[in-house]
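Undergrad: Numbering (my numbering), first residue to last: 534 to 663.
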Amino acid sequence: MIHPKPVTLERSGVRLEPLSREHRNDLAAAAADGGLWRLRFASVPEPDQTDRYIDEALAGLDRGEFLPWSVRELTSGEIIGTTRYHDIVRPIGRIEIGWTWYAQGWQRSHVNTVCKWLLLEHAFDSLGCQ
Numbered sequence: 534m535i536h537p538k539p540v541t542l543e544r545s546g547v548r549l550e551p552l553s554r555e556h557r558n559d560l561a562a563a564a565a566d567g568g569l570w571r572l573r574f575a576s577v578p579e580p581d582q583t584d585r586y587i588d589e590a591l592a593g594l595d596r597g598e599f600l601p602w603s604v605r606e607l608t609s610g611e612i613i614g615t616t617r618y619h620d621i622v623r624p625i626g627r628i629e630i631g632w633t634w635y636a637q638g639w640q641r642s643h644v645n646t647v648c649k650w651l652l653l654e655h656a657f658d659s660l661g662c663q
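Have a look at this one:
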């Protein structure tokens, strides 16, 4: 059985911080970089819907369904996107990684690779996922 809980993960200039309402303005700005909410293949909030997006993610955390993070790029200090574990099945040690998006200015950079590395390492080495 796994027990995912909010934790900060950091490596190679990227920090995953437990998502909070304090990230609202930064996430709205990140979503506005490139008008990401217009993309059909990503779940990105319109800037004025960021509060709802965060509230839904935190409600999923409370239900044990999600473990959401904000993504901070450490050179700039900016919150540049978000990612999460979802579809968590504690008894069998299963999680999925998704709901990931980054400001357009950070797409096709090192950020996604580092985030996935952090999430996979935490899942297997810390949580004991199979």
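The beta-carbon is built from N, C-alpha and C at its ideal position, and this holds for glycine as well.
These figures come from a predicted structure and were not determined experimentally.
Considering only C-alpha positions, which residue in the set GLU579, ALA563, ALA564, THR615 is nearest to LEU591?
TA: THR615
Undergrad: Are the beta-carbon atoms belonging to LEU561 and PRO580 less than 8 Å from one another?
TA: Residue identity differs from the one stated: residue 561 is Ala in this sequence, not Leu. In contact: ALA561 and PRO580 (Cβ atoms closer than 8 Å).
Undergrad: In terms of alpha-carbon separation, which member of THR608, SER609, GLY610, ASP588 lies closest to VAL600?
TA: First, the residue type needs correcting, since residue 600 is Leu and not Val in the sequence shown. The shortest Cα separation from LEU600 among THR608, SER609, GLY610, ASP588 belongs to ASP588.
Undergrad: Restricting to runs no shorter than 3 residues, where is the beta strand (DSSP E) found entirely within the region 613-637?
TA: 627-635
Undergrad: Rank LEU542, HIS536, LEU660 by C-alpha distance to the C-alpha of LEU651 and give the top, closest one.
TA: LEU542
Undergrad: According to the neighbour-count rule (16 or more other Cβ atoms, all chains shown, within 10 Å of its Cβ), is GLU606 buried or exposed?
TA: buried
Undergrad: Look at the Cβ atom of CYS648, then the Cβ atom of VAL547, and state whether they are nearer than 8 Å.
TA: yes
Undergrad: Spatial neighbours of ASP620 within its chain, please: C-beta separation below 6 Å, excluding the five flanking residues on both sides.
TA: GLU629
Undergrad: Out of ILE625, VAL604, GLN663, CYS662, state which residue places its alpha-carbon closest to the alpha-carbon of GLN640.
TA: VAL604
Undergrad: For LEU651, which of helix, strand or coil comes out of DSSP?
TA: Per DSSP, reduced to three states, the secondary structure at LEU651 is helical.
Undergrad: Counting along the chain, where does the alpha helix (DSSP H) carrying LEU560 start and finish?
TA: 557-565
Undergrad: Please report the straight-line C-alpha distance between GLY567 and SER545, rounded to a whole angstrom.
TA: 25 Å
Undergrad: Around the Cβ of THR608, are there at least 16 other Cβ atoms within 10 angstroms (buried) or fewer (exposed)?
TA: exposed
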